[in-house]
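Let me begin by presenting the structure, written as structure tokens, before commenting on it.
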Amino acid sequence: MPRPVLSLVLPVFNEEDVIPELRTRLEAFLKDLDVASEVVFVDDGSSDRSCELLKVACAEDARFRLVSFSRNFGHQRAITAGVDFARGEAVVVMDADLQDPPGVVLEMVEKWREGYDVVYGRRRHREGETFFKLVTAKIFYRVFAAMIPIEVPLDTGDFRLMSRRVVLTLRGLRETHRFVRGLVAWLGFKQTAVLYDRPGRFAGETKYPLRKMLRFAVDGITSFSILPLRFAAYLGVFISIAAIGYAAWAVYAKYVRHDAVQGWTALVVLVALLASVQLLMIGVLGEYIGRIYEEVKRRPLYVVKEKVNVEADDDA
Ligand code: UDP
Ligand code: MG
């Protein structure tokens, strides 16, 4: 079968209330679209009728495809599977709850045709979210951006278009704790944004309760930064300086001012020195553990965008 131009990837977890409307809107969207396309649904172990409804959709329309998980593996892995199976020249990841409007996909495709490799949807306005979610998301993305060395777009989720070469490199990143939006930012290439107003979810409830949101935030920070590990070393240096100062004062109090209680100086000096040595050594351990962690992720050392007058060195 020839490669479709556009693949839409939609992770689905217990979305039976949304699927009929989703289908209607996708079909209308595909009809207006003048290019060959496919829709890859990933059923992330739904326990409601989502999977059956999607199967019916696939039986009735060959452009619909379905990958169904054996259990719930989580949103980020569902996206990963979708991207693994999508065959399009451009792949768009979007939520199944109609919070990512198909109309915006047209703008993304336009940008892609202009030569961009990644076009992410940037939320200008969000409807139907709790105040708490809006504020925590705003804070999280700013803290995240400040902590990590790569440039990440603010106020974006996983709604984005990726060119095939980005998809192929993304498939090579197999780390377990996945923060896909960060991985795509890490890949580089020519990236741009389209602004859109994010509507509320069409039906049903969010599949991201606070517990999952926190986990996700921790995954995001720890997969791109070893700053928290390094913190022990920073604290160690700070406490060492304070401890040595205090130990010096204890010695001064004993031998110059002669007002120290018997045994106090030795105790203060010992505790201060031991505490600072311990923290510093934890910092050193943290540094090595951080390096082990970076190595086991096995990310490629670099990503090549194009080659000029260069061929693969086959003899090597
Ligand atoms: N989702 C999923 N697996 C999960 C949680 C969510 O595949 O474990 C899907 C869900 O069906 C939806 C998308 O991921 O298509 C985003 O989830 P949701 O809309 O609940 O998140 P929110 O928009 O509230 O952040
Ligand atoms: Mg949603």
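Heads up, the sequence shown is in this note's numbering, so the first residue is -2 and it goes up one at a time.
Each residue gets a CB set at the ideal place from its N, CA and C atoms; glycine is no exception.
If you're wondering where the values come from, they're calculated on a predicted model, not measured in any experiment.
Quiz item: Apart from the five residues just before and just after Arg68, which ones in its own chain have a Cβ nearer than 7 Å to its Cβ?
Solution: What you label residue 68 is simply residue 71 of the sequence shown in a count that begins at 1. Here the set comprises Gly42.
Quiz item: By the 10 Å Cβ neighbour count, where 16 or more other Cβ atoms means buried, how is Gly255 classified, buried or exposed?
Solution: Within the sequence shown, the letter at position 258 stands for residue 255. Gly is not the amino acid found at residue 255; the sequence shown has His there. Classification of His255: exposed, given that the 10 Å Cβ count is below 16.
Exercise. Flag Arg178 as yes when its Cβ comes closer than 8 Å to any non-hydrogen atom of the ligand UDP, and as no otherwise.
Key: Looking up residue 178 in the sequence shown gives position 181. Checking every heavy atom of the ligand UDP against the Cβ of Arg178, none is found closer than 8 Å.
Quiz item: Would DSSP call Ser4 helix, strand or coil?
Solution: Within the sequence shown, numbered from 1, the residue matching residue 4 stands at position 7. Of the three classes helix, strand and coil, the one that applies to Ser4 here is strand, per DSSP.
Quiz prompt | Beta-carbon contacts of Val248 that lie in its chain and below 8 Å, excluding the five residues immediately before and after | solution = Taking the sequence shown and counting its residues from 1, the one referred to as residue 248 is at position 251. Taken in chain order, the residues that qualify are Thr262 and Val266.
Exercise. For Asp97, count neighbouring Cβ atoms within 10 angstroms of its own Cβ and tell me buried if that reaches 16, exposed if not.
Key: One-based indexing of the sequence shown puts residue 97 at position 100. Per the 10 Å Cβ criterion, buried.
Quiz prompt | Length at least 3, wholly inside the region 56 to 115: the beta strand (DSSP E) runs in chain order | solution = 61 to 65 and 87 to 90
Quiz item: Pick out every residue whose C-beta is nearer than 7 Å to a heavy atom of the ligand MG: which are they, in chain order?
Solution: Asp92, Asp94, Gln96, Arg198 and Thr203
Quiz item: Starting from Glu202 and walking both ways along the beta strand (DSSP E), at which residues does that stretch end?
Solution: Counting from 1 along the sequence shown, the entry for residue 202 is found at position 205. From DSSP, Glu202 is part of no beta strand (DSSP E); its letter is neither H nor E.
Self-check item: Cβ-Cβ separation, Ser44 to Glu12 (assumed contact under 8 Å), whole Å
Solution: In the sequence shown, residue 12 corresponds to position 15, counting from 1. In the sequence shown, residue 44 corresponds to position 47, counting from 1. Not a contact, Cβ separation roughly 11 Å.
Quiz item: Pairing CB atoms from the region 65 to 82 with CB atoms from the region 0 to 16, are three or more of them under 8 Å?
Solution: yes
Self-check item: Phe221 versus Asp194 - alpha carbon distance
Solution: Locating residue 221 in the sequence shown gives position 224, counting from the first residue. Locating residue 194 in the sequence shown gives position 197, counting from the first residue. Rounded to the nearest angstrom, the two C-alpha atoms are 28 Å apart.
Practice problem: For my contact list, Arg0 and Arg84 are in at a C-beta cut-off of 8 Å; report their separation, rounded to the angstrom. | Solution: One-based indexing of the sequence shown puts residue 0 at position 3. One-based indexing of the sequence shown puts residue 84 at position 87. Rounded, the Cβ-Cβ distance is 5 Å, consistent with contact.
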